[in-house]
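Following: one structure in structure tokens, then a few remarks.
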Amino acid sequence: MAAIATTLKRGAALAGAALVGVSLLGFAAYSARFGLRGLVLDLADETYLFSPGSPGLNAAIFVHMILGALAMLLAPLQLVPRVRARHAWLHRLAGRVIAGAAVVVALGGLGYIAARGTIAGPGMDAGFALYGLLMLLAAVQAVRHARAGDLVRHRAWALRLFVLVMGSLIFRLHYVLWFSLTGGLGSNEQLTGPFDQLQYVAFYLPYLVALEFWLRRRAG
Ligand code: HEM
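Heads up: the sequence shown begins at 10 in our numbering, then just goes up one per residue.
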């Protein structure tokens, strides 16, 4: 009986990991492709995110999509204990790339918010600006504590950064789930409906809070 339960648990964990992996690959591919197209093509007729005559602003938002995809693809590698134990150089290299990418992603997003604002206006601006500031902080702190050899603090900040990097995917997954369940109740194209307003922070804050509880329970 116990063996069957263990097999079922492992199967469910594998299926869950596969589902997350497929969504992650799909969104990273979308994000990287969108970013690359925005850098080399004139997307003015296709998306409001393209700013005609503002190459700096376009670079900020489209490079943020490409490096966001890169950080998202590399981040799960950092959680694999075998990589950390046997290939420390790879863990350190990937960590630097993720942190560097996260800084550029956050600055690109913050720059875009400052210059153009988000589609939904002040509420979404505030939620996304806080998201960017937290990502900046987590990236800097994760590297700083690793360099100082404080592995407990490094791990906590690296996990916060992981949650934040995945936040962008979680944002889209919330919408996929919600639209499948309700057909889009409380959501509109301008992202100003009640469900949208909840999403301005719901894709990272609850997950960060859950992580804090988990970190505290492990430490105590
Ligand atoms: C791994 C991290 C991230 C990835 C992969 C990512 C990717 C994307 C993508 C693909 C878009 C285009 C919108 C869409 O098609 O859905 C976008 C838009 C945007 N992102 Fe990010 N992003 C990330 C992190 C961030 C962060 C940290 C900020 C905060 C500063 C941010 C701010 C924005 C803003 C302001 C927009 C435009 C929103 C609008 O008005 O529609 N992103 N991002």
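Backbone N, C-alpha and C fix where the C-beta goes; we use that ideal spot for every residue, glycine too.
Because the structure is a prediction, the values reported are computed rather than measured.
Local conformation of residue i per DSSP, three classes
i	result
R125	coil
N67	helix
T16	helix
H154	helix
G229	coil
Q199	coil
Y57	coil
D51	coil
G118	helix
H96	coil
G104	helix
Buried or exposed by the 16-neighbour rule on C-beta atoms within 10 Å, applied to residue i
i	result
A147	buried
G126	exposed
S63	exposed
N67	buried
R226	exposed
G192	exposed
A21	exposed
E218	Note on identity: in this sequence residue 218 is Val, with Glu being the wrong assignment. Classification of V218: exposed, given that the 10 Å Cβ count is below 16.
I13	exposed
Boundaries of the alpha helix (DSSP H) in which residue i is found, first to last residue
i	result
P85	Run containing P85: none; DSSP gives neither H nor E here.
T182	It should be noted that the sequence gives Leu, not Thr, for residue 182. Counting along the chain, the alpha helix (DSSP H) containing L182 begins and ends at 160 to 191.
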